[in-house]
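As structure tokens, the structure follows; a few thoughts come after it.
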Amino acid sequence: MRVRAENNQGNATWSDVITFTTRTETFPGAVTFLYPIMNSVNVATRVPCSWTTSANSLRYRLQTATDASFANLTKNLVVHKTDTVIQVKGGKTIYLRVRGENDIDRGNWTIINFQTQPNTPPTVPEVISPGLETGINLGDPVVFKWNSTDVDDDTLKFKLHIYNNEFDTTIFDVKSPYNFPSEKLDFWKFYWFDVIASDGTVEVQRTHNYLFYIYQKSNKIYLSRGWNIISINMIPNNLNIATLFEPLIVPGFLVKVQDESGNSLENWGVFGGWTNNIGNVSLIEGYKVKVKLDYTLEIMGASPVLPFQIPLKTGWNIIGYPKSSETNAKSVVQQLIDRGTLVKAQDESGNSLEDWGIFGGWTNNIGNFMPGKGYKVKVATADTLTIY
Numbered sequence: 008m009r010v011r012a013e014n015n016q017g018n019a020t021w022s023d024v025i026t027f028t029t030r031t032e033t034f035p036g037a038v039t040f041l042y043p044i045m046n047s048v049n050v051a052t053r054v055p056c057s058w059t060t061s062a063n064s065l066r067y068r069l070q071t072a073t074d075a076s077f078a079n080l081t082k083n084l085v086v087h088k089t090d091t092v093i094q095v096k097g098g099k100t101i102y103l104r105v106r107g108e109n110d111i112d113r114g115n116w117t118i119i120n121f122q123t124q125p126n127t128p129p130t131v132p133e134v135i136s137p138g139l140e141t142g143i144n145l146g147d148p149v150v151f152k153w154n155s156t157d158v159d160d161d162t163l164k165f166k167l168h169i170y171n172n173e174f175d176t177t178i179f180d181v182k183s184p185y186n187f188p189s190e191k192l193d194f195w196k197f198y199w200f201d202v203i204a205s206d207g208t209v210e211v212q213r214t215h216n217y218l219f220y221i222y223q224k225s226n227k228i229y230l231s232r233g234w235n236i237i238s239i240n241m242i243p244n245n246l247n248i249a250t251l252f253e254p255l256i257v258p259g260f261l262v263k264v265q266d267e268s269g270n271s272l273e274n275w276g277v278f279g280g281w282t283n284n285i286g287n288v289s290l291i292e293g294y295k296v297k298v299k300l301d302y303t304l305e306i307m308g309a310s311p312v313l314p315f316q317i318p319l320k321t322g323w324n325i326i327g328y329p330k331s332s333e334t335n336a337k338s339v340v341q342q343l344i345d346r347g348t349l350v351k352a353q354d355e356s357g358n359s360l361e362d363w364g365i366f367g368g369w370t371n372n373i374g375n376f377m378p379g380k381g382y383k384v385k386v387a388t389a390d391t392l393t394i395y
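With our numbering applied, the sequence shown has no gaps in its numbers, which climb one by one up to 395 at the end.
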């Protein structure tokens, strides 16, 4: 190639000649939609889109929108083949366009629109739990489970409505299963709940068909005439130890309750009557209780959350056992043995768990730690016993 200047008076000298090589045509060619076609109606919401190959294209860009100007995009996808499946809303006019692209150029858009079939609402949520009139122990979570499907394959969102005449709350964007803390509810009251499913267009709900209630577990403590060592494995509504022992105080069955520090609940007669120097009951402590006759003390409350840590001071301790099931005594205190801090454990009958050395090593004459019982534990140095 050469260039020279010209005017009416004459021509300039030609420039030096240069040569160059033109590049191969890279502009992507237009595509033609194979499916869906322009102005289609009653198209399923799961759309298998396909189009012809575009020359010079390495990939394709697919976009959907709710308007012909594509100002409000609902999808913007890069596809490396000439077909893909997209999910769209039912009962809508969908605007769809595709163009070819390569690393240098972008082709022209091919634009169509189509009408989807009417939206199908999601199925009414099928509740799995809690069942009708199910009782939930105070302290345990209320586990809500349900199933709901959508034939349009829409993404479903759920909300949970829990209520009665005195309580009303709605939790949004929940997923099954969902745990709700029972401590936020009153015990011995019924609660209704609704599960509402939404596909973004309509809501459906399961309503008024299910109700549940919160209850308290019972801890029965068997007391023998004379001295006992007990513990509490429930969190009672009223922690005051005098209130817990009122069923024994009123008929005159209780003689005395004492903690490991010597503080007592006892009747001082003319010097003050029944006086509580212990205060509130603690699940990590055991208590010495003296009664005039055999009696079963029932305590209602919520189950504690395990693991439970019991601090031990050097020397003797009276500990609680805050589990609802019995466990081999040696298994419970093995952690203290492993750390070399345990000297001896003893139950209310004097049975012991201790190291007999060459006469048998660590020997368990207690058997199992039992719910409702307390135990004396002696350690060489301060330590912490964890109840699992």
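For glycine and all other residues, C-beta sits at the position ideal for the given N, C-alpha and C.
Computed from a predicted structure; not experimentally measured.
Pairwise C-beta distances place the segment 191 to 211 out of contact with the segment 250 to 258, as fewer than three of them are shorter than 8 Å. The C-beta of V149 has 16 or more other C-beta atoms within 10 Å across all chains shown, which makes the residue buried.
V85: member of the beta strand (DSSP E) spanning L80 to V86, first to last residue. Across the structure, K224 and T162 are spaced so that their CA atoms are roughly 40 Å apart. The three-state secondary structure of G233, taken from DSSP, is strand.
Cβ contact annotation for D74 (same chain, cutoff 7 Å, sequence separation greater than five): Y102, in chain order. Residue environment analysis places E13 among the exposed positions, since fewer than 16 neighbouring C-beta atoms fall within 10 angstroms of its C-beta.
Per DSSP, the unbroken beta strand (DSSP E) holding S136 starts and ends at E133 to S136. Considering only V105, P125 and T127, the residue with the shortest C-alpha distance to I119 is V105.
By alpha-carbon distance to A336, the top candidate from L41, Q353 and V85 is Q353.
Counting along the chain, no alpha helix (DSSP H) covers K96, and no H or E run does either. Counting other Cβ atoms within 10 Å of its Cβ, I242 reaches 16 or more and is therefore classed as buried. K263 is bridged by DSSP to E273 and K297.
Per DSSP, I326 lies in no alpha helix (DSSP H); the unbroken beta strand (DSSP E) holding it starts and ends at G322 to I326. Under DSSP, V211 takes part in a beta bridge, and its partners are A204. Non-local C-beta neighbours of G374 in its own chain, meaning closer than 7 Å and more than five positions away in sequence, comprise A336, ordered along the chain.
In the same chain as E273, and ignoring 5 residues on each side of it, the C-beta atoms closer than 6 Å to its own belong to K263, in chain order. The criterion of a C-beta distance shorter than 8 Å is satisfied by P55 and D90. When the five nearest sequence neighbours on each side are left out, the beta carbons in the same chain lying within less than 8 Å of the beta carbon of G207 are those of K96, D161, T162 and K164, in order along the chain. Membership of T391 in the beta strand (DSSP E) is indicated by the continuous run D390 to I394. Linking Q94 to Q122 through their CA atoms gives a straight-line distance of about 13 Å.
Note on P184: under 16 other CB atoms within 10 angstroms of its CB, so exposed under the neighbour-count rule. When rounded, the separation of the alpha-carbon atoms in L261 and E267 is 18 Å. Non-local C-beta neighbours of W153 in its own chain, meaning closer than 7 Å and more than five positions away in sequence, comprise P132, E133, V134, I135, S183 and V202, ordered along the chain. Counted as a single uninterrupted DSSP element, the beta strand (DSSP E) harbouring A72 occupies residues R66 to A72. Among the bridge pairs identified by DSSP, T33 is matched with none.
Cβ neighbours of D110 within its own chain (closer than 7 Å, five residues either side excluded): L65. Bridge partners of N186 according to DSSP: V150. With contacts defined by Cβ atoms closer than 8 Å, G146 and S189 form a contacting pair. When the beta-carbon positions are compared, L290 and P329 come within less than 8 Å of each other. The DSSP-derived three-state label of S356 is coil. Straight-line measurement puts the Cα of S205 at about 53 Å from the Cα of I326. The Cβ-Cβ distance between M377 and E305 does not fall below 8 Å. Ranked by Cα distance from N371, the first of A51, K380 and L360 is L360. In this structure L343 is in contact with D390, their Cβ atoms being roughly 6 Å apart against a cut-off of 8 Å.
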